[in-house]
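Per the working numbering, residue 3 is the first one in the sequence shown, and the count goes up by one each step. The structure appears right after this line, and notes come after that.
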Amino acid sequence: MYDFTEIFCIVDDFFKKFEPIYWQFLKQENKRQRIRQATLSLSEIVAISIYYKTSQVHNFKMFFNLL
Numbered sequence: 003m004y005d006f007t008e009i010f011c012i013v014d015d016f017f018k019k020f021e022p023i024y025w026q027f028l029k030q031e032n033k034r035q036r037i038r039q040a041t042l043s044l045s046e047i048v049a050i051s052i053y054y055k056t057s058q059v060h061n062f063k064m065f066f067n068l069l
């Protein structure tokens, strides 16, 4: 299994390139789209979900307690 830091670095590098293109696409589709900053970045959310899916734990509450 990968180290969480390694997974986060891979995902964060991807989202640094992908996110500006994604937000530009949303702006073109809908002029009223608001971009609100979440408490967690999109790359952090995706990294946590990837780490959860690759872990042996099948209950997210138990997984969160193990972190």
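Using N, Cα and C, we set each Cβ at its ideal position, and we do this for glycine too.
Mind checking residue i: buried by the 16 CB within 10 Å criterion, or exposed?
i   : result
S45 : buried
Do you know whose CA, among the options, lies nearest residue i's CA?
i  : options          : result
D5 : H60, N67 and I50 : I50
I9 : L68, T56 and F66 : T56
For a quick check, are the C-beta atoms of residue i and residue j less than 8 Å apart?
i   : j   : result
V13 : V48 : yes
F62 : Y53 : no
Using C-beta distances below 8 Å, list every residue in its chain close to residue i, excluding the 5 sequence neighbours before and after it, in chain order.
i   : result
F17 : S43, L44, S45 and V48
Leaving out five residues before and five after residue i in sequence, what residues of the same chain have Cβ atoms less than 7 Å from its Cβ?
i   : result
E21 : L44
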